[in-house]
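Residue numbers 102 to 230, in this note's numbering, belong to the letters of the sequence shown in order.
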Amino acid sequence: MVHFQSIGSTNDFAAGLAAEAEKYNAGHSSGKIYLNGSVIIAEKQEKGRGRFERNWVSPEQGLWFTIINNPEIILRDLSKITLLTAASVFSVLERIILSPGINSFNSGASNINLKVKWPNDIYYAGKKL
Numbered sequence: 102m103v104h105f106q107s108i109g110s111t112n113d114f115a116a117g118l119a120a121e122a123e124k125y126n127a128g129h130s131s132g133k134i135y136l137n138g139s140v141i142i143a144e145k146q147e148k149g150r151g152r153f154e155r156n157w158v159s160p161e162q163g164l165w166f167t168i169i170n171n172p173e174i175i176l177r178d179l180s181k182i183t184l185l186t187a188a189s190v191f192s193v194l195e196r197i198i199l200s201p202g203i204n205s206f207n208s209g210a211s212n213i214n215l216k217v218k219w220p221n222d223i224y225y226a227g228k229k230l
């Protein structure tokens with residue numbers, strides 16, 4: 102795990118780190134660098150990007166991170182990771198929100214106001230998490 106107070110983009114840092122590791126590994130038969138599972142975290146991003154290179158506002162008090170993941174997966178199945186991640190995060194949040202004592206404003210109603218906008222946006226009380 103690498104933590105920054107502020108960074109341009111966690112994704113750019115991760116991509117650069119992965120490129121350097123790949124270059125190093127190409128020249129070494131032993132003592133290779135493996136980054137799979139590495140997490141780059143920032144308190145704030147100055148140049149975050151969303152889909153289609155759109156500017157992503159990433160102020161302090163958010164959760165900004167990139168996970169380096171190099172799964173052995175068929176390329177056509179790669180998008181399933183995004184869908185599974187969204188479903189997993191939704192499931193965890195749903196359990197937290199419905200847990201007694203966790204959320205003092207939870208009335209126990211079945212409508213918890215938690216939604217997924219596919220492929221991976223999660224909304225709670227109308228606000229994108």
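By construction, the Cβ of each residue, glycine as well, lies at the ideal position given by its N, Cα and C atoms. Computed from a prediction, not measured in an experiment: that's the story for all the values here.
- Alpha-carbon to alpha-carbon, GLU123 and SER130: Approximately 12 Å, taken between the alpha carbons.
- Query: Looking at the structure shown, is ILE108 part of a helix, part of a strand, or coil, going by DSSP?
  - Reply: Strand at ILE108.
- Please look up how many angstroms separate the CB atoms of LEU184 and PRO160, rounded, as I've assumed it's under 8 Å. Taking 8 Å as the upper bound for CB-CB distance, LEU184 and PRO160 are not in contact here, some 28 Å apart.
- When the distance is taken between beta carbons, is GLY109 closer than 8 Å to LYS148? In this structure, GLY109 lies closer than 8 Å to LYS148 by Cβ.
- Item | Residues near ALA187 in its chain [Cβ-Cβ closer than 8 Å; skip 5 each side] | Once the five neighbours on either side are set aside, the close Cβ partners of ALA187 are VAL217, TRP219, PRO220, ASN221, ASP222 and ILE223.
- Item | Beta carbon of PHE166 nearer than 8 Å to that of ILE142 | Yes.
- Task: Give the straight-line distance between the Cα atoms of ILE175 and ASN214, rounded to the nearest whole angstrom.
- Result: The alpha-carbon atoms of ILE175 and ASN214 are separated by roughly 35 Å.
- Given a cut-off of 8 Å, decide if ASN126 and ILE169 are closer than it, judged by their beta-carbon atoms. No, Cβ-Cβ distance for ILE169 and ASN126 is not below 8 Å.
- Collapsed DSSP secondary structure at ARG155 in the structure displayed: Here ARG155 carries a coil assignment [DSSP, helix/strand/coil].
- Smallest Cα separation from ILE111: which of GLU121, LYS145 and ILE134? Strictly speaking, residue 111 in this sequence is Thr, with Ile absent from that position. In this structure, LYS145 is the residue among GLU121, LYS145 and ILE134 with its C-alpha nearest to the C-alpha of THR111.
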